[in-house]
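Counting with my numbering, you get residues 251 to 310 for the letters of the sequence shown. Before any comments, here is the structure.
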Amino acid sequence: LGMGLAAIGVGNIFGNFLSGALRNPSAADGQFARAFIGAALAEGLGIFALVVALVLLFVA
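Spelled out as structure tokens, the structure:
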């Protein structure tokens, strides 16, 4: 569940970035780094959810 929601979050981040970049291409260069950082944080939460699930599966 956690990894699926992280994938949806990454899709929303880049979908909204592309939508904004098509509206205002001159501002797209400045926003790409922020979109990439947001995607990395969302993906990091998905990986954290996987680690927690594996710990609960094999340790508890």
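Think of the CB as a built atom: it goes at the ideal place given N, C-alpha and C, for glycine as much as any other residue.
At the level of alpha carbons, what is the spacing between residue i and residue j?
{"i": "A299", "j": "F267", "result": "25 Å"}
{"i": "S269", "j": "A310", "result": "44 Å"}
{"i": "V305", "j": "G254", "result": "18 Å"}
Please work out which residues of its chain come closer than 6 Å, Cβ to Cβ, to residue i, disregarding the five sequence neighbours upstream and downstream, and give them in chain order.
{"i": "G259", "result": "A292"}
{"i": "A271", "result": "A278"}
So, are the CB atoms of residue i and residue j less than 8 Å apart?
{"i": "F264", "j": "A278", "result": "no"}
{"i": "G252", "j": "G280", "result": "no"}
Thinking C-alpha only, which one of the options is nearest residue i?
{"i": "A289", "options": "A256, S269, G252", "result": "A256"}
Starting from residue i, trace the alpha helix (DSSP H) both ways and give me its first and last residue.
{"i": "A303", "result": "278-308"}
{"i": "L266", "result": "Looking at the sequence itself, residue 266 is Asn, so the reference to Leu does not match. Where N266 is concerned, the enclosing alpha helix (DSSP H) stretches over 252-273."}
Excluding five sequence neighbours on each side, which residues of the same chain lie with their C-beta closer than 7 Å to the C-beta of residue i?
{"i": "V302", "result": "none"}
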